[in-house]
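Engineer: Here it is, the structure in full.
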Amino acid sequence: MTVNNRAADESGTFTIGGDLKVNRLGYGAMQLTGPGIWGEPRDPEKAVRVLQRAVELGVNFIDTADSYGPFIADKYIRQALHPYRDGLIIATKVGLTRSGPNDWRPVGRPEYLRQQTELNLRNLGLETIDLLQLHRIDPKVPLAEQLGELTLLQQEGKIRHIGLSEVSVEQLEEASQYAKIVSVQNLYNLSQRTAEPVLEYAESHNLAFIPWFPLATGALAKEGGKLDTLSKRLGAKPSQLALAWLLKRSKVTLPIPGTSSVAHLEENIEAAGITLSDADFTELSNLI
């Protein structure tokens, strides 16, 4: 496969928080870890190459989290890309702990959020985290305390902007009382659109909407399925159409497809050059 360098440029741009201008098609680092998002990847050299190739292709928005590994994704981001080129935004998350493969537990105690922010800074080799997102709201800790600590870190210059992950509109509205929120990261894709109200809120407030699990096409993409049939007609892979649909759905969407394969990465980034007609977009939207 031959992919034009700077292919991600074709996805258009969005400015997070008024000052972080990024190409809208980014990269999610979760798959740079071992099975169950735990431990080292099977092929560390491939993890480094995927990250380097993503930046070569114009990706300048990389999403990670302290709990990926834990800290394994951070390790490879630093190894592959540090010192970071100007304009490369590393967004990370705190507030979701790991005690083993596929085991996720929210912890929002202020002292824990501070500790993990400091560890993110150290492991990524940053002086300031451009975008730090609360990975999950901890129901055992008042939201004002969780966001209050992140605001203190912001005032200290350790965080530039604050975002949220997996929240409702009501939680977004409450959070806005305690901090300036610039992004929201929720599960959303062609097959799963329960976060539609949150996306609409993000649109109306000009927040970055970062859909995670953007390639969950499932049965739609199976041979003979609706998406498979449409992809053959349009001359694109089902995964590429799923990304193109997200990009067209709203100007605030920043899809972050993740992969540990250079070939899959290049295939994903090629989706930035696919322009769906209104009719194609409607047909895709009506697949479910």
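Here the sequence shown is numbered in the working numbering, starting from 70 and rising by one per residue.
All residues carry an ideal CB built from backbone N, CA and C; glycine is no exception.
Using only the alpha-carbon positions, how far apart do Trp281 and Gln254 sit?
Structural biologist: C-alpha separation (whole angstroms): 7 Å.
Engineer: Rounding to the nearest angstrom, what Cα-Cα distance links Gly287 and Leu345 in this structure?
Structural biologist: Spanning the two alpha carbons is a distance of roughly 21 Å.
Engineer: Can you tell which of Asp135, Val128, Leu165, Arg178 has the C-alpha that lies nearest to the C-alpha of Leu150?
Structural biologist: Checked all of Asp135, Val128, Leu165, Arg178; the closest Cα to Leu150 is Val128.
Engineer: Quick one, which of Ser308, Ala116, Gln202, Leu157 has its alpha-carbon nearest Lys144's?
Structural biologist: Lys144 has its Cα closest to that of Ala116, out of Ser308, Ala116, Gln202, Leu157.
Engineer: For Thr166, which residues of its own chain have a beta-carbon under 6 Å away from its beta-carbon, when the five flanking residues on both sides are left out?
Structural biologist: Result list for Thr166: Arg174, Val176, in chain order.
Engineer: In this structure, does DSSP put Gln148 in helix, strand or coil?
Structural biologist: Reduced to three states, the DSSP call for Gln148 is helix.
Engineer: Could you tell me which of Glu243, Ala340, Thr351, Pro326 sits nearest to Gln100, measuring between CA atoms?
Structural biologist: Taking only the C-alpha atoms, the option nearest Gln100 is Pro326.
Engineer: Can you tell me whether DSSP reads Phe350 as helix, strand or coil?
Structural biologist: Three-state result, Phe350: helix.
Engineer: Which same chain residues end up closer than 8 Å to Pro208 when comparing Cβ atoms and leaving out the 5 residues on each side of it in sequence?
Structural biologist: Here the set comprises Pro175.
Engineer: In the DSSP assignment, what are the bridge partners of Leu200?
Structural biologist: DSSP output for Leu200 lists Ala160, His230 as bridge partner(s).
Engineer: Please return the same chain residues whose Cβ sits closer than 8 Å to the Cβ of Thr102, not counting the five positions on each side in sequence.
Structural biologist: Cβ within range, chain order: Gly108, Glu109, Pro110, Tyr137, Gly138, Ile141, Ala142.
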